[in-house]
Structure formats: structure tokens, C-alpha cells
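Enquirer:
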Amino acid sequence: DVDRLSDLEKLQVLGHGNGGTVYKVRHRRTGAFYALKIVQSDCDSSIRRQILREMDILRRTDSPYVVRCHGIFEKSCGDIGIVMEYMDGGTLDCLLRRQSGTCSEDFLAGITRQVLEGLSYLHSHKIVHRDIKPSNLLVNRKMEIKIADFGVSKIMCRTLDACDSFVGTCAYMSPERFDPDTYGGAYDGYAGDIWSLGLTLLELYIGHFPFLPPGQRPDWATLMCAICFGDPPSLPETASDEFRSFINCCLQKESSRRWTVAQLLAHPFVA
Ligand code: ADP
Ligand code: MG
43 DVDRLSDLEK LQVLGHGNGG TVYKVRHRRT GAFYALKIVQ SDCDSSIRRQ ILREMDILRR
103 TDSPYVVRCH GIFEKSCGDI GIVMEYMDGG TLDCLLRRQS GTCSEDFLAG ITRQVLEGLS
163 YLHSHKIVHR DIKPSNLLVN RKMEIKIADF GVSKIMCRTL DACDSFVGTC AYMSPERFDP
223 DTYGGAYDGY AGDIWSLGLT LLELYIGHFP FLPPGQRPDW ATLMCAICFG DPPSLPETAS
283 DEFRSFINCC LQKESSRRWT VAQLLAHPFV A
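With positions in the sequence shown counted from 1, the corresponding number in the UniProt record's numbering is that position plus 42.
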């Protein structure tokens, strides 16, 4: 692991997020590359809360399907630095753009299996990610896919506080997050990650966000109506029966009818 932030040399910016900036860095002594997320101390309190959540979860997780953390540092100025394993292929949404807008089924089956393994690990450790989407799934040269960005994740305890449920990217939020009375069933939060996974895979196959025509920017009201009142999106006829069935199992509006990670891992599309 990394002992000091000063051992790391900043090479370039990898991405900007809500709370901070992620840099590609090199360890001066070993030459190893890492990703370093820096969150400034003068950020507002909601961002501060996010980063503390993220730190808490990264400290607890140890899975090949979840981006690894190699150290957390707090500078004297109050800035926080999180050293993570460097994923040299970037995010799945960048990859989608590089692949001229769509991904093949075989390729997606491989991705799906790994994201399910990651979710299986998280859910068995009582962690709900709550922000699964292409830009939070990282890929490397070995074609390993890892779940990243735990800023709005939650460690489940016995009760779910309702006021806490509007976090994450609205676009990928499941119907029960908007309307728990209608779609909640036995609402436990985990099923929301499955919905987001279904939307993510659909997007990677068709090349645009499923609830909107290509190129249209999402607006909150239209989206919420589409998610809550419309039929769930599904794959075009060109996809295989296995893939179409898999997506249908993820995109059940009623959360209790959605398959769990364990069930999906045995689905013919990935099994
Ligand atoms: P935010 O909460 O601000 O969205 P993320 O953790 O998603 O923060 O990081 C923002 C961006 O930085 C990502 O979309 C990605 O482009 C890049 N990034 C983050 N972590 C890594 C990593 N471990 N390896 C490579 N790139 C990363
Ligand atoms: Mg992100």
C-alpha cells in the first residue's frame, strides 16, 4: 500500500466528479500507477458526507470486482485523498463511445457476470451501491470490470430512512425509489441496484439511455413519469432470447418481482 501522499506524482486528470478530482498518479519509488481522488476541504457538507461514506465503504471492501483502495489520507489543510487501483480502460461509458456506440452481446455477458459478482459481494456485506451506471463501472486492459464510486452508497441497517432515498443519479433510479407505495413491495434497497444494472446493460447494447431518444438531455419530470408510469424499456428483437429475458428480470417495475443477484447469476445469459 501507499504510505504517504508525497510519494505520489500527479500525471494527469482522469475525471472530475461532484466532490473532487481524480488524478492518475505514479508512485515515485515503485513506479506503480494509481488513481488518486482528492476532495477539497472547503467543499459543502453534503459532499463531505459523501466522501466519508465512500471512505467507510472502501475500507470495508475487499473483492476483485470492486475497485481497491490502497490508502486514505487527510492532509493538514483538510483535503482528503483516496488512493485507488488505477483502471487503465476508464469507465464503461467512455468505452461505449470508443466502440462506436454499441457493445456486442458476448462482451456484455462478460461484463454482466463481473458486475453481478461485485453486487453479490456488496449485497452480502449489506452494502447497497445506489448509483450503478456506465460511468461508475471501470474497466482495465485485462477486461476486468470493477464497481467504483461509493459516494451515495449505503450500509443497510434494520430500517430504511425514507428521507435518505433520493440520492444517486435520478436517471438510473428504480420506480420504488420514486414511489415506494406502488412499487415497493418488500422494499429493501438491494433491488434498486438490479434495476440500475438492467438499464446500464440496455444502454450499452442500444447505445443511448433507454428512457430517452438518442441525444436528448434528461429532465427530471419527464424521466420520473417515464419510469413510474410507462412500461419498462426492453431489448429490440435483434437481441437473443436469453439476453431479453435477463433484462426483463432486472427491469420489473415491482421491486419484489425483480430477480436477486443470486438468481441472476444462475440465469442462462450469464451462467
Ligand atoms: P464522482 O463521485 O465524482 O463521480 P468517481 O469516483 O465516479 O467520482 O470518479 C470520477 C471519474 O474519475 C470517473 O468517472 C472516472 O472517469 C475517473 N476515475 C475514478 N476512479 C478511477 C480509477 N480507479 N481508475 C481510473 N479512473 C478513475
Ligand atoms: Mg461517478
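Glycine residues also receive a C-beta, built at the ideal position from the N, C-alpha and C atoms.
#1: State the DSSP-derived secondary structure class of Cys119, mapped to helix, strand or coil.
#2: How is Ile174 classed by DSSP in three states: helix, strand or coil?
#3: Looking at C-alpha atoms only, which residue of His250, Arg155, Asp223, Gly249 is the closest neighbour of Val303?
#4: Less than 7 Å separating the beta-carbons of Cys119 and Ser87?
#5: Alpha carbons only, please: which of Glu218, Leu180, Ser166 is nearest the one belonging to Arg300?
#6: Which same chain residues end up closer than 6 Å to Cys205 when comparing Cβ atoms and leaving out the 5 residues on each side of it in sequence?
#7: In chain order, what residues of the same chain have a beta carbon less than 8 Å from the beta carbon of Arg183, not counting five sequence neighbours either side?
#8: Which whole-angstrom value is the C-beta distance of Val109 and Ile189, which I expect to be below 8 Å?
#9: At what residues does the beta strand (DSSP E) containing Ala77 begin and finish?
#10: Quick one, what's near the ligand MG if you take every residue whose CB is closer than 6 Å to any heavy atom, in chain order?
#11: If you draw a straight line from the C-alpha of Ser276 to the C-alpha of Val157, how long is it?
#12: Taking only the alpha-carbon atoms, compute the straight-line gap between Thr201 and Leu53 and give it to the nearest angstrom.
#13: Closer than 7 Å by C-beta to Ser177: which residues in its own chain qualify, once you throw out the five before and the five after it? Chain order, please.
#14: Count Cβ pairs between the region 166-174 and the region 140-149 that sit closer than 8 Å; are there 3 or more?
#15: Drop a sphere of 10 angstroms on the beta-carbon of Glu279, count the other beta-carbons inside from all chains shown, and report buried for 16 or more, exposed for fewer.
#16: Is any non-hydrogen atom of the ligand ADP found closer than 6 Å to the C-beta of Gly113, if you look at the structure I gave you?
#17: Taking the C-alpha atoms as reference points, what is the distance between Leu180 and Glu127?
#18: Quick check: Val81 and Ile114, are their CB atoms within less than 7 Å of each other?
#19: Take Cys270 and list the residues in its own chain whose beta-carbon comes closer than 6 Å to its own, dropping the five residues that flank it on each side.
#20: Would you check if the distance between the CB atom of Leu241 and the CB atom of Tyr214 is smaller than 7 Å?
#21: Based on the DSSP output, what are the partners of Val64 in its beta bridges?
#22: Which stretch, first to last residue, makes up the alpha helix (DSSP H) that contains Val157?
#23: Taking 7 Å as the limit between beta carbons, can you name the residues of its chain near Lys295, skipping five residues before and five after?
#24: According to DSSP, is Cys85 part of a helix, a strand, or is it coil?
#25: Name the two residues that bound the continuous beta strand (DSSP E) containing residue 352.
#26: Which one or two residues does DSSP pair with His69 in a beta bridge?
#27: Among the residues of its own chain, which have a CB less than 6 Å from the CB of Val125, if the five just before and after it don't count?
Expert: In brief:
#1: Shown here, Cys119 sits in coil according to DSSP, grouped into three states, outside any helix or strand.
#2: In this structure, Ile174 counts as coil in the three-state DSSP scheme.
#3: Taking Val303 as reference, the option from His250, Arg155, Asp223, Gly249 with the minimal CA-CA separation is Arg155.
#4: It is not a contact, given that the beta carbons lie outside the stated cut-off.
#5: Nearest C-alpha to Arg300: Glu218.
#6: Only weak support is given to the placement of Cys205: the predicted model assigns it a pLDDT of 38, under 50, and the question is left unresolved by the model.
#7: So the qualifying residues of the chain are Asp130, Gly131.
#8: About 7 Å; that satisfies the 8 Å criterion.
#9: It spans 75-81 - the beta strand (DSSP E) in which Ala77 sits, taken as one unbroken run.
#10: Those residues, listed in chain order, are Gly59, Ser177, Asn178, Asp191.
#11: In this structure, the straight-line span from the alpha carbon of Ser276 to that of Val157 is close to 20 Å.
#12: Model confidence at Thr201 stands at a pLDDT of 47, short of 50, so the residue's coordinates are unreliable; what they give is reported in the following sentence. Taking the straight line from one Cα to the other gives about 44 Å.
#13: Cβ within range, chain order: Thr133, Asp135.
#14: Pairwise C-beta distances place the region 166-174 out of contact with the region 140-149, as fewer than three of them are shorter than 8 Å.
#15: Classification for Glu279: exposed.
#16: For Gly113, the shortest C-beta to heavy atom distance toward the ligand ADP is 6 Å or greater.
#17: Approximately 10 Å between the Cα atoms of the pair.
#18: Their beta carbons are not under 7 Å apart, which means Val81 does not touch Ile114 by this criterion.
#19: Pro217, Phe220, Asp221, listed in sequence order.
#20: A distance below 7 Å separates the beta carbons of Leu241 and Tyr214.
#21: Answer is Gly57, Lys79, bridged to Val64.
#22: Where Val157 is concerned, the enclosing alpha helix (DSSP H) stretches over 147-166.
#23: The residues are Pro217, Tyr225, Pro274.
#24: Per DSSP, reduced to three states, the secondary structure at Cys85 is coil, with no helix or strand assignment.
#25: Any answer about residue 352 is impossible in this case: the structure gives the chain only from 43 up to 313.
#26: DSSP lists Leu50 as partners of His69.
#27: When the five nearest sequence neighbours on each side are left out, the beta carbons in the same chain lying within less than 6 Å of the beta carbon of Val125 are those of Val44, Tyr76, Leu78, His112, Gly113, in order along the chain.
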